[in-house]
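Protein sequence lines, in the order shown, are assigned to chains P and F.
Numbering follows my numbering, with no gaps: position 277 of the first sequence is 277.
Numbering follows my numbering, with no gaps: position 354 of the second sequence is 354.
Beta carbons: idealized from backbone N, C-alpha and C, even for Gly.
See below for the structure under consideration.
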Amino acid sequence: MKQRQQTGTGTEQMDRGKVLDTLFVQGTRFFAWMVLVIILAVLFALGKGALPALEKFGPGFLASSSWNPVTEDFGALVSIYGTVVTSIIAMLIGVPVSFGIALFITELCPVWLKRPVGIAIELLAAIPSIIYGMWGLFIFAPLFADHVEPWLNSRFAGVPLLGSLLTGPPMGIGMATAGIILAIMIIPFMTAVMRDMFEVVPDVLKESAYGIGATTWEVVRRVVLPYTRAGVIGGIMLGLGRAMGETMAVTFVIGNTNRIHASLLMPGNTISSSLANEFTEAVGEMYTSSLIALGLILFFITFIVLALSKLLLHRLSRQEGLRT
Amino acid sequence: MKRIGTKNRVAAWLAVVAASALLIGGTTVSAKVTEISGAGATFPYPVYAKWAAAYKEKTGVRLNYQSIGSGGGIKQIKAKTVDFGASDAPLKAADLDKSGLMQFPMIMGGVVPVVNLPGITPGAIRLTNAVLADIYLGKITRWNDSRIKAENSDLQLPDKAITVVHRSDGSGTTWIFTNYLSKVSSEWKDKVGNNKAVAWPVGVGGKGNEGVASYVKRLKGSIGYVEYAYALQNRLTYVKLKNRDGGYVVPSSATFQAAAANADWSHAPGFYMVLTNQPGKDSWPITGASFILVYKTQAKPETGKAVLEFFDWCYRNGADMAAELDYVPMPDKVADLVRSAWKQQIRDANGQPVWK
């Protein structure tokens, strides 16, 4: 120690820097590993809780549409179906709309309008989901029941496929309403991500494309989109993840019935709404365990979606290599 | 070396834990209990909250009640995280013995079928038990069905589909309602059964009493079931029911009391008593009591005593407050039975009675 002090303050400072640096590196490493540990712990806890149900019902749990707390006979099919269908509706509406909004803000919007619209989008993204649920139940569902569903009924009655999908009693609550509310909820998220992505495209690239006579659409299609592909897909996945996991808003408007109906206007159920509804009152091992098993399934569905999106990105970047 | 080190450390920790346990135990014995905690049923929550506020003003003892649902209340008291649990569905005597709990009834109320039929006033439409069961079974699907018309020749019933509304969450209200349906319809008993959540044959589910109330208000031609207070607050159209003695009754504290009056609490082991489908011409058929659960052996007798003192005060002074909120208080006779059960059954760790 004494010797070091004698050699001068420079080395001492360097030593201190080294210590701080190691602390910093170890600290960040610790937190990064924590993420992995937490995921594994969640998986472990879910797996352990779900074990009794999975042992009793086996793979049939996924295919059974029964959910009877009295006889303790449980299956996940209805909830999985509801989760998937409402998410698909949400994506069908949400992706094109948020894509359009983001493009408008970055490419077409007059400068004075950019900030207000941008801020409005961010504010929408900050609204808690339960507010969307209440709005859905008290404002949107009545409008949907009185004006849209009768029209759907008269328009699509007797049409093959669409007829069974889009007709039903005009209740205003059901899978379609849940999907639309979800779409409205995820649009601000996806728009915000896409806008940030589109904004980082270098002007030089866009201007050169315009310079050689490209139309706005061609610039978007050939320059902006390829440049931001990873980010856009990331944003869509973020929205999809939120749509699949959304609980309260869906519980308010989906009708919470454990049956699969052909019509989208009929009530249904999702994994997260089942959990929200029934977890507090689930007495008995098999009931609780079946609900935890539902949670585990949701975990896996999200995982699969994420894996598929990575695969898609990988494919796209490979194709890119081939084309040039 | 290392081994001895860890052992020492474990010993040290044990000492610390033991010391702090002594300290905590010591303080609870000497200090007066100022807070009691409970969790469970949502149905009696408004009246418990009102009692608790009045009781705090009188005695300074605060009640921390979490209305997380009957099932949650049972789970919490079994996990010993609260001083008492509350449940709308009574536990069977065998189940109580297994977990060392005792239960007693605290308050009564009624479950009320409500409809949304424009032009029909509250209490105007008459339903028999069998018709109500068949509506919930999905066998009667339209309001102008001949079996509904037969009892309501004076009403103009619309040619409208019936939308059945039920609770989507597990609930003591559902337990009482399905208990009643199981008693009046053997088909319901065989096909669906009696529980806090069941596999409903038809209908849409609303979350909580308020969820069902808002769905019924929303959907024309719907029928649902809610606690009486919610039917009043939301000005819903309640129905007249034909009880088992053939009398048509509207829901009111008088008809709930009539149902409760017939109950023979003194011969109900563990206070297991369901008040649905009771005899008597004036009895509302879907009446139920809400129960409190406490441990028979109180590890912290001071706290246990504070809990019993609170409920004793409620039995003595809470009747008017309960009536204001459209609940039915327990009769004095039943309160006396409960007190003597406390004296006999609730003991501290040394076997001394907690309630004297």
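What would DSSP say about residue i, mapped onto helix, strand or coil?
i: residue 285 of chain P; result: helix
i: residue 413 of chain F; result: Residue 413 of chain F lies beyond the residue range present for chain F, which begins at 1 and ends at 356; the question has no answer from this structure.
i: residue 381 of chain P; result: Residue 381 of chain P is absent from the model: chain P starts at 1 and stops at 324.
i: residue 246 of chain P; result: coil
i: residue 191 of chain P; result: helix
i: residue 112 of chain F; result: strand
i: residue 83 of chain P; result: helix
i: residue 167 of chain F; result: strand
i: residue 323 of chain F; result: helix
i: residue 43 of chain F; result: coil
i: residue 344 of chain F; result: helix
i: residue 281 of chain F; result: coil
i: residue 280 of chain P; result: coil
i: residue 273 of chain F; result: coil
Should residue i be flagged as near chain F, meaning a C-beta pair shorter than 8 Å?
i: residue 34 of chain P; result: no
i: residue 45 of chain P; result: no
i: residue 285 of chain P; result: no
i: residue 207 of chain P; result: no
i: residue 237 of chain P; result: no
i: residue 175 of chain P; result: no
i: residue 67 of chain P; result: yes
i: residue 22 of chain P; result: no
i: residue 128 of chain P; result: no
i: residue 60 of chain P; result: no
i: residue 246 of chain P; result: no
i: residue 278 of chain P; result: yes
i: residue 42 of chain P; result: no
i: residue 18 of chain P; result: no
i: residue 153 of chain P; result: no
i: residue 314 of chain P; result: no
Do you know how far the Cα of residue j is from the Cα of residue i?
i: residue 277 of chain F; j: residue 330 of chain F; result: 18 Å
i: residue 31 of chain P; j: residue 48 of chain P; result: 25 Å
i: residue 23 of chain F; j: residue 93 of chain F; result: Note on residue 23 of chain F: pLDDT 49, under 50, position unreliable in the model; the coordinate value appears next. Answer to the nearest angstrom: the Cα atoms are 37 Å apart.
i: residue 119 of chain P; j: residue 87 of chain F; result: 48 Å
i: residue 146 of chain P; j: residue 160 of chain F; result: 16 Å
i: residue 30 of chain F; j: residue 302 of chain F; result: Interpretation of residue 30 of chain F is limited by its pLDDT of 44, a score under 50 that renders its predicted location unreliable; the figure taken from the coordinates is listed afterwards. Cα-Cα distance, rounded: 9 Å.
i: residue 365 of chain F; j: residue 184 of chain F; result: This structure cannot settle anything about residue 365 of chain F, because the visible part of chain F is limited to 1 through 356.
i: residue 176 of chain P; j: residue 264 of chain P; result: 5 Å
i: residue 74 of chain P; j: residue 96 of chain P; result: 37 Å
i: residue 154 of chain F; j: residue 121 of chain F; result: 13 Å
i: residue 299 of chain P; j: residue 148 of chain P; result: 35 Å
i: residue 61 of chain P; j: residue 54 of chain P; result: 7 Å
Leaving out the 5 sequence neighbours to the left and right, which residues in its chain are closer than 8 Å to residue i when beta-carbon positions are compared?
i: residue 34 of chain F; result: 60, 61 and 62
i: residue 18 of chain P; result: none
i: residue 376 of chain F; result: Any question about residue 376 of chain F goes unanswered here, given that chain F covers just 1 to 356.
i: residue 142 of chain P; result: 172
i: residue 245 of chain F; result: 279, 280, 281 and 283
i: residue 325 of chain P; result: Outside the displayed range of chain P (1 to 324) lies residue 325 of chain P, so it cannot be described from this structure.
i: residue 311 of chain P; result: none
Determine, using beta carbons only, whether residue i and residue j come nearer to each other than 8 Å.
i: residue 141 of chain F; j: residue 221 of chain F; result: no
i: residue 239 of chain F; j: residue 101 of chain F; result: no
i: residue 277 of chain P; j: residue 254 of chain P; result: no
i: residue 49 of chain F; j: residue 76 of chain F; result: no
i: residue 288 of chain F; j: residue 108 of chain F; result: yes
i: residue 281 of chain P; j: residue 71 of chain F; result: yes
i: residue 274 of chain P; j: residue 250 of chain P; result: no
i: residue 87 of chain P; j: residue 240 of chain P; result: yes
i: residue 196 of chain F; j: residue 172 of chain F; result: yes
i: residue 189 of chain P; j: residue 123 of chain P; result: no
i: residue 229 of chain F; j: residue 325 of chain F; result: yes
i: residue 295 of chain P; j: residue 108 of chain P; result: no
i: residue 194 of chain P; j: residue 223 of chain P; result: no
i: residue 180 of chain F; j: residue 285 of chain F; result: yes
For residue i and chain P, any beta-carbon pair shorter than 8 Å?
i: residue 361 of chain F; result: In this structure chain F extends from 1 to 356, so residue 361 of chain F is not present and cannot be described.
i: residue 207 of chain F; result: yes
i: residue 103 of chain F; result: no
i: residue 218 of chain F; result: yes
i: residue 68 of chain F; result: yes
Among residues of its own chain, excluding the 5 on either side of residue i, which ones have a beta-carbon nearer than 6 Å to its beta-carbon?
i: residue 348 of chain F; result: 298, 301 and 354
i: residue 4 of chain F; result: Low per-residue confidence applies at residue 4 of chain F: pLDDT is 47, beneath 50, and the placement is therefore not dependable, though the value from the model is reported in the following sentence. Once the five neighbours on either side are set aside, residue 4 of chain F has no close Cβ partner at all.
i: residue 144 of chain F; result: 157 and 159
Among the residues of its own chain, which have a CB less than 7 Å from the CB of residue i, if the five just before and after it don't count?
i: residue 136 of chain P; result: 177, 181, 249, 252 and 253
i: residue 134 of chain F; result: 140
Compute the minimum distance between the beta carbon of residue i and the heavy atoms of the ligand GDP, and state whether it is under 7 Å.
i: residue 51 of chain P; result: Here there are no bound small molecules, and the ligand GDP is not part of this structure.
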